[in-house]
Amino acid sequence: MLNSIDKKDVTLLPSIFKERFDLNRKYLMSLSTQGLLQNFYLEAGIVMPGLQILPEPDTAELHWGWEAPTCQLRGHFLGHWLAAAASIYRSTTDRELKAKLDTIIDELEVCQNLNGGQWIAPIPQKYFDKLEKEQYIWSPQYVMHKLILGLYSAYVDAGNEKALTILDHLSDWYVQWTGEMAVKNPHAIYSGEESGMLEMWISLYELTKDEKYLTLQERYNNPRIVGDLEAGKDTLTNCHANASIPWSHGTAKLFEVTGDARWRKITEAFWKNAVTDRGLYCTGGQNAGEYWTPPHMLGRFISEKNQEFCTVYNMVRTADYLYRWTADTDFSDFIELNLYNGFLAQHNKETGMPDYFLSLKAGSRKEWGTPTRDFWCCHGTMVQAQTLYPSLIYFENGDRLIVNQYIPSELKWKANGTDVTFTQTVNMKFYNDLALFDERDESQMSRWFLKFAVTAEKAEDFTLSFRIPKWVKRVPEVTINGEVVTELDIRDGYLHMNRKWEKDEVFLFLPAGITTSALDDIPDTFALMEGPIVLAGECDEEQILYGDRNKPEEMLTPQYEHTYYLFPWKQGAYKTRNNSPCINFKPLYEITDETYTVYFKEDTGSH
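Anchor point for the sequence shown: position 548 equals 551 in the working numbering, and the numbering is continuous, going up by one each time.
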């Protein structure tokens, strides 16, 4: 089993990932504390200054959309905000963001006391009466899970002791309620979109060793999906994806805390059901309209409502659990695919707003949220997602350091007790904000021409393992301190380098290329990819791509603004060779307001 590297030891360096991380931090700071707390205040009976009445609702500093006081899901976003802010603080020790987080926790304590000392929520307790009576109510346990997650993160990542105390009191309410429901109506516990609760209760038990959390996880650990997965059934088809994926987080955490192999098998069975036996869109998603598509029938569900972002984020988290257990690069490749074509592609590079569904139909446009008028579920997972990068890059196993994702960063690490600084960048020179590639063969003027610097306090023997993605088209090129390495130790999806390291430079070129990605049920339709990056064609209707799809690199001509003044994340621009009119392609994550198409028809008459 691999160990995660604490994100406090990882610093993002200039790249598209750092840009999005910083943009997300700016958005978190821009939201008013009162707006974030508004529904907690209302539930606690606190009148916000100037808002006893709303003479001008349009200008009132309130959050609307799913955060509006009239919405049954109101208040879910604050939990996401707390988790994201705490994660950034862990990575950067951002004192300004920490002060805002601490203020919010102080106010939540006030609200909890006004509510009687246990209940703390943006929704009333009577919503849970509806679960008991099996009356319709929109996902109250989803709302509570986000709050519990946010408080947990505020303690674990930001060191706020008060957050754990608030959780302690809230959990007493949950012990009482679930105890009553176990007698009156056990189904109530397994309703209200409760799937995230299991991971939180077992995590709190791991943290505190308080038996009440063990009791709570036992009351949440036997949903129908667990029995179906153990029986080898397809338990997902046509079911709500967001309501099912968090169960895999819960069973995964149960395995890690208890060591019971049953929970690992259930998590692995979930992955098989969700991914291996179902297939993927070229972007990495598997659902439409928030529901799982039938196995290998993704083509007939292509629409404007594919790849809901919460499912992207949650599946990356499942893959991360499985990767740590197995070191299997299939999970790393899956994560990478979703980082580029989900985390980046569904995040507005200018405003930081999310795209709820990533449309894959011909002639699509992304539909961006607004800062204070929407607050969809994906709004919440997006602010968390943009903080996740530092925790996905590096892993360790004894004296072995694994480079899992190629994201420019600096790592502070210890090898056998020796301090080591490890940096990775795209091999280019920086002058202010301009990135210049050294003059070299054009095939290596690429974001995948990587530079790694190792600086150890003293010479130390350890192994560096670099993931070799499945999309690499030929043997990687490697130099150490200017010397070409001809004998490469490539095993199990990694390039392994064992030596005494002290002050060394490694250059690694991962040859990417253009490939096609088709779907099983519409094999005459395909997408174009450059490495893990989906290329989007700027066209507003279904098109045929002319040429031999078995030689996709011959379909496109690369486009460069300048030969050597090329910021690496802006690469991937092409135009068609044989189509009239010409179609321009660029990375899906670069599409903002343009009309685009991802899947194209094959030219069946050309070969």
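For glycine and all other residues, C-beta sits at the position ideal for the given N, C-alpha and C.
Helix, strand or coil, according to DSSP, for H243 in the structure here? Under the three-state reduction of DSSP output, H243 falls in the strand class.
(Q) Let me check understanding here. Comparing Cα to Cα, which of N188, D524, Y409 lies closest to L511? (A) Y409
Could you name each continuous beta strand (DSSP E) segment of 3 residues or more that falls completely within the stretch 247–304, going from the start of the chain to the end? none
Within the same chain, show all residues whose beta-carbon is closer than 6 Å to that of T595, passing over the 5 residues directly before and after it, in chain order.
none
task: Under 8 Å Cβ to Cβ from I536, same chain only, skipping five residues before and after it: list those, please.
output: So the list reads Y343, N344, G575, P590, L591, Y592, once near-sequence residues are dropped.
Best match in M385, G302, I405, D377 for proximity to T329 [C-alpha to C-alpha]: I405
Measuring CA to CA, which of K604, R470, T375 is closest to K364?
-> K604
*asked:* Using 8 Å as the threshold, is the C-beta distance between E505 and A462 below it?
replied: yes
With H, G and I counted as helix, E and B as strand and the rest as coil, what does DSSP make of A348? Three-state result, A348: coil.
Can you have a look at C585 and say buried or exposed, based on whether 16 or more other CB atoms are within 10 angstroms of its CB? exposed
Option nearest L39 by Cα separation, candidates A530, Q389, K268, E110:
E110
Quick check: the Cα distance between E271 and L325, rounded to an integer number of angstroms?
If you take the alpha carbons of E271 and L325, they lie about 8 Å apart.
- request: Would you kindly work out how many angstroms separate the C-alpha atoms of N419 and D9, rounded to a whole number?
  value: 17 Å
> So is H382 buried or exposed if we call it buried at 16+ other beta carbons inside 10 Å?
Replying inline: Per the 10 Å Cβ criterion, buried.
Counterpart residues of F455 in DSSP-defined beta bridges = Q427, V509
Cutting at 6 Å between CB atoms, please list the residues of its own chain near D606, excluding the five before and the five after it. I547, Y549
With a threshold of 8 Å on Cβ separation, who are the neighbours of W379 within its own chain once the five nearest residues in sequence on each side are excluded? G68, W69, P357, Y359, G372
Give me the Cα-Cα distance between C74 and I248, rounded to the nearest whole angstrom. 24 Å
Would you call the stretch 139–151 and the stretch 75–87 touching, i.e. three or more CB-CB distances under 8 Å? Yes, the stretch 139–151 is in contact with the stretch 75–87.
Q | Residues bridged to S367 (per DSSP) | A | Y599
Give me whichever residues DSSP pairs with F469 in a beta bridge.
BP columns for F469 point to V406, L498.
Notebook entry, point to check: Taking G262 as the reference, which of K275, Y294, I205 has the closest Cα?
Noted result: I205
### Cα-Cα separation, S520 to F529
5 Å
Alpha-carbon spacing of G143 relative to L207, whole angstroms: The amino acid occupying residue 143 in the given sequence is Pro; Gly does not appear at that position. Answer to the nearest angstrom: the Cα atoms are 20 Å apart.
Next item on the list: Starting from A530, follow the alpha helix (DSSP H) in both directions and report where the run begins and ends.
Entry: Where A530 is concerned, there is no enclosing alpha helix (DSSP H), although the beta strand (DSSP E) it sits in stretches over 525–533.
* Same chain, Cβ closer than 8 Å to C542, neighbours up to 5 away in sequence not counted -> A365, G366, I586, T598, Y599, T600
**Cβ-Cβ distance between E46 and I108 below 8 Å** = The Cβ-Cβ distance between E46 and I108 does not fall below 8 Å.
Would you say the beta carbon of N309 is closer than 7 Å to some non-hydrogen atom of the ligand HEM?
For the ligand HEM, the structure offers nothing, since it holds no ligand at all.
| Distance between M200 and G288 (C-alpha atoms, nearest Å) | Taking the straight line joining both Cα atoms gives about 24 Å.
For the candidate residues T518, E486, T296, T579, whose alpha-carbon lies nearest to that of P555?
T518
For L347, the nearest candidate out of S18, T321, P472, Q128 (CA to CA)
S18
Practice prompt. Kindly indicate the opening and closing residues of the alpha helix (DSSP H) around K215.
Written response: K215 -> alpha helix (DSSP H) spans 214–223.
Item to complete: Would you mind working out which of Q41, P189, D551, A515 sits nearest N225, comparing C-alpha positions?
Response: In terms of CA proximity to N225, P189 leads the group Q41, P189, D551, A515.
Q) By the 10 Å Cβ neighbour count, where 16 or more other Cβ atoms means buried, how is R23 classified, buried or exposed? A) Its Cβ being crowded by 16 or more others within 10 Å, R23 is buried.
What residue from P472, Q349, N27, K369 has the CA that sits closest to E339's CA? P472
Worksheet item: Would you call A234 buried or exposed, if buried means 16 or more other Cβ atoms sit within 10 Å of its Cβ?
Response: exposed
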